[in-house]
Amino acid sequence: MIETMLAGAPRRALVALALLLSALVAAPLFVNAYALSVLILALYYAYTGQAWNMMIGFAGLLSLGEAMFVGLGAYASAGLFQKFGVPPVLGLFLSVAVSAAAGAAVGWLAFRFDINGVYFALLTIAFSEFTRILVDNWAYLGGSEGLFLHVSGLAGWDIVNLRGSPVMFYYVLLAMTSGMFLLCRYLLASRLGYYWRAIREDQDAARSLGVDVFACKMAAVTISSGAAGLAGVVYAFYYNNLFPETAFALSHSIDMLLGAVVGGVGTLFGPIFGALLLTPLGEALTAATDGLRLPGVKQFFWGVVVAAIVLARPTGLWPMIAGALGLDKVGLDKVDADEKSGR
Amino acid sequence: MAGAFLRARALSKSFRGLRAVSDVSFDVPAGAIHALIGPNGAGKTTTFNIVAGVFAPDAGGVTLDGVELVGKRPEDICRAGVGRTFQIVKPFRGMSVQENVAVGALRWTSNTREARDYAADTLALLGLADKRAMSPDHITLPDRKRLEVARALATKPRLLLLDEVMAGLRPTETDAMVATFQKLNADTGVTILLIEHVMRAVMALSQRVVVLNHGEKICEGAPADVVRDPAVLECYLGEPAPHA
Ligand SMILES: Nc1ncnc2c1ncn2[C@@H]1O[C@H](COP(=O)(O)OP(=O)(O)OP(=O)(O)O)[C@@H](O)[C@H]1O
Ligand SMILES: [Mg+2]
């Protein structure tokens, strides 16, 4: 397994990754509380962007309902904790299961009836909205009034109950993002990863080579939505309050995919790079325009920035930067390139 | 890995009233190399698509070693031992040439390293060894046709369906490809059914030829006999005449 994952990754890329990881591990020692909160957000978007990328970037399935999977995961573990005192360390299993089941349900419906592309995206939005309305009217979980978690013990490091300081959340998210990166790397290098990419490029050709398109797509939505459900756990326990209006919002879905789009859909490192770039930018923008009292100015600016990047670099920024740094094999875009010179 | 016996029985398929394939029957014995020829629009590719499970026929059946294929999904037909190429090539553009072929090899192994190694060997067989790290976008059309063959071949089929894979090749390249298929057939016993306009290849490769015109089988026989058949000459009038 380790060997598969390292296959094709040049030393430079491994060194660069190790340096980045060290910097991220050390970061809380050097930054203030505000910067830490921005980094937490960046890691959250890196993780969720990567989960989203697994569907669109690897398997060619455009989901615009990522918020549903995160939201369901959030409500599942928060509900268990608040109503039954189940710690999130156990609750997360329900979160992942609920979100994965929701993904599987959407996927089954879509792929059974061969719904693809934009229609699949619309279906994910519809399901997301449907879930929002459902939770909105579910008084037991707070309904539209919101679900609030006990906010005691928010200083220490109670990982079991996810009660602790921002530094704890930062490290939890860093571990999750690293794990997600490794998982994606592993999956991409596996048979499933080859099949996903083949399906993304040409379904009919994939079929003719024995690829069970339905099963592979089901695997993509199920793994991706399950992973998003895990992000929901952190979302719930970091913010300590949940509102259907925001958790299941389309804008929440958009926020999660922006980093991946800007960084590079279908690349391994693009979503991380994009999130680490965009989140601080967005926060700086909010701070800079705060006094102007112009609602929507940030969203507008976002639109411009993203449109510019997407128009100029439809494949995202990361492939270009990776190429310049000689790291382009991190994205696994050329697993076989090392074999050109002879195995 | 021995070849499989293909039998098509009374296949018919219409597209909005147009009879693309009409009551077509033929056998390809295990280990044989047969050709399917006919003018443009004769129904050759449609026949392949029926065998490969892309279209369900309106009537008729297809068996491989006696097992019914009609009703199976294309991926299951591949797993049953049928490899096919697409006349309009369908490379996986975001993957290297070698990765394209590895997808085929993953039909029988889950080990991606083994699949890539097998892909490299298959590419070497088809003269694409030096192109394996390239994107399919950056190779010529004849090479993309070779890629189609390599990909189908990598699934280790018992029946290989080749749809105009020699179009655009120079005569010497055609001869090389013919030799490759002959060797493959001799070594593995794979059954081959090829659609081909290049008569040079048809004459050299096939033991038997089925001729379609307007969806109907108008002639079947040894290549040398078929090209002298009046009905065949008739249907090719106005088309580049088939010459050996
Ligand atoms: N998917 C489809 N939908 C509608 N009509 C089709 C379809 N596929 C093929 N046809 C029609 O069926 C007829 C037979 O087409 P087919 O592709 O089988 O011919 P062919 O013998 O392979 O010709 P060529 O030598 O040009 O490849 C043609 O008239 C074609 O337009
Ligand atoms: Mg054709």
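So the sequences go chain by chain: A and B. The first sequence begins at 0 in numbering that gives the first Met the number 0 and counts up by one. The second sequence begins at 0 in numbering that gives the first Met the number 0 and counts up by one. Heads up, the beta-carbon is just placed ideally off N, CA and C, and yes, glycines get one too. Remember, it's a predicted structure, so these values are computed and weren't measured experimentally.
- Taking a C-beta cut-off of 7 angstroms against chain B, none of the residues of the stretch 28-52 of chain A qualify.
- When the beta-carbon positions are compared, A:Ala-66 and A:Phe-247 come within less than 8 angstroms of each other.
- The closest CA to that of A:Ala-174, considering only A:Arg-11, A:Ser-21, A:Arg-10, A:Val-14, is found on A:Ser-21.
- Around B:Leu-161, the same chain offers Thr-84, Leu-193 as residues with beta carbons nearer than 6 angstroms, after the five sequence neighbours per side are excluded.
- Ranked by Cα distance from A:Thr-47, the first of A:Phe-126, A:Phe-180, A:Leu-187 is A:Phe-180.
- For A:Asn-160 and B:Pro-135, the gap between their C-alpha atoms comes out near 52 angstroms.
- For A:Asp-203, the Cβ stays outside the 7 angstroms cut-off from all heavy atoms of ligand 2.
- At a cut-off of 8 angstroms between C-beta atoms, B:Pro-73 counts as an interface residue with respect to chain A.
- Contacts with chain A at 8 angstroms (Cβ-Cβ) do not include B:Thr-187.
- Residue pairing by DSSP places B:His-33 opposite B:Leu-192, B:Arg-207 in a beta bridge.
- Taking A:Ala-274 as the centre and dropping the five residues before and after it, the same chain places the C-beta of Ala-41, Tyr-44, Ala-45, Gly-48, Gly-258 closer than 6 angstroms to its C-beta, in chain order.
- When only Cα atoms are considered, B:Leu-63 and B:Arg-8 end up about 12 angstroms apart.
- Distance from the C-beta of A:Phe-236 to the nearest heavy atom of ligand 1 is not below 7 angstroms.
- For B:Ile-36, the shortest separation between its Cβ and any heavy atom of ligand 2 does not lie below 7 angstroms.
- Chain-ordered, the chain A residues with CB closer than 7 angstroms to the CB of B:Ala-51 read Ser-207.
- Taking one beta carbon from each stretch, the stretch 188-196 of chain A and the stretch 52-71 of chain B have fewer than 3 pairs nearer than 8 angstroms; the two do not touch.
- Sorting A:Ser-189, A:Ala-307, A:Leu-249 by C-alpha distance to the C-alpha of A:Cys-215 places A:Ser-189 at the top.
- Contact check for B:Val-27 against B:Thr-45 fails: the beta carbons are separated by 8 angstroms or more.
- B:Lys-130 and B:Val-53 have their C-alpha atoms roughly 30 angstroms apart.
- Per DSSP, B:Glu-163 lies in no alpha helix (DSSP H) and is assigned neither H nor E.
- C-alpha of B:Thr-111 to C-alpha of A:Ala-205: approximately 16 angstroms in a straight line.
- At a cut-off of 7 angstroms, the beta-carbon of B:Leu-17 counts as near ligand 1: some heavy atom of the ligand is closer than that.
- A:Ala-218 has a beta carbon lying at 8 angstroms or more from every beta carbon in chain B.
- Rounded to the nearest whole angstrom, the CA to CA distance from A:Glu-144 to A:Phe-83 is 20 angstroms.
- Take B:Gly-60, set aside five residues on each side of it, and the residues of its chain with a beta-carbon closer than 7 angstroms to its own are Arg-8, Glu-67, Val-69, in chain order.
- Distances from the CB of B:Ile-194 to the heavy atoms of ligand 2 include at least one below 7 angstroms.
- In this structure the stretch 79-97 of chain A touches the stretch 223-238 of chain A; the number of beta carbon pairs closer than 8 angstroms is three or more.
- Of all residues in the stretch 54-85 of chain B, those with a C-beta nearer than 9 angstroms to a C-beta of chain A are Arg-72, Pro-73, Glu-74, Asp-75, Ile-76, Cys-77, Arg-78, Val-81, Gly-82, Arg-83, Thr-84, Phe-85, reading in chain order.
- Looking at the backbone, the Cα of A:Pro-313 and that of A:Val-14 are separated by about 28 angstroms.
- Between B:Leu-125 and B:Thr-179, the gap from beta carbon to beta carbon is short of 8 angstroms.
- A heavy atom of ligand 2 is found nearer than 7 angstroms to the CB of B:Gln-86.
- Each residue's CA atom was taken as its position, placing B:Ile-32 and A:Trp-317 some 49 angstroms apart.
- At a cut-off of 8 angstroms between beta-carbon atoms, A:Arg-199 makes contact with chain B.
- Shown here, B:Asn-212 sits in a strand according to DSSP, grouped into three states.
- Within its own chain, the residues whose Cβ lies closer than 7 angstroms to the Cβ of B:Asp-57, once the five positions on either side in sequence are excluded, are Ser-11, Lys-12, Ser-13, listed in chain order.
- Less than 8 angstroms divides the Cβ of A:Pro-279 from the Cβ of A:Val-37.
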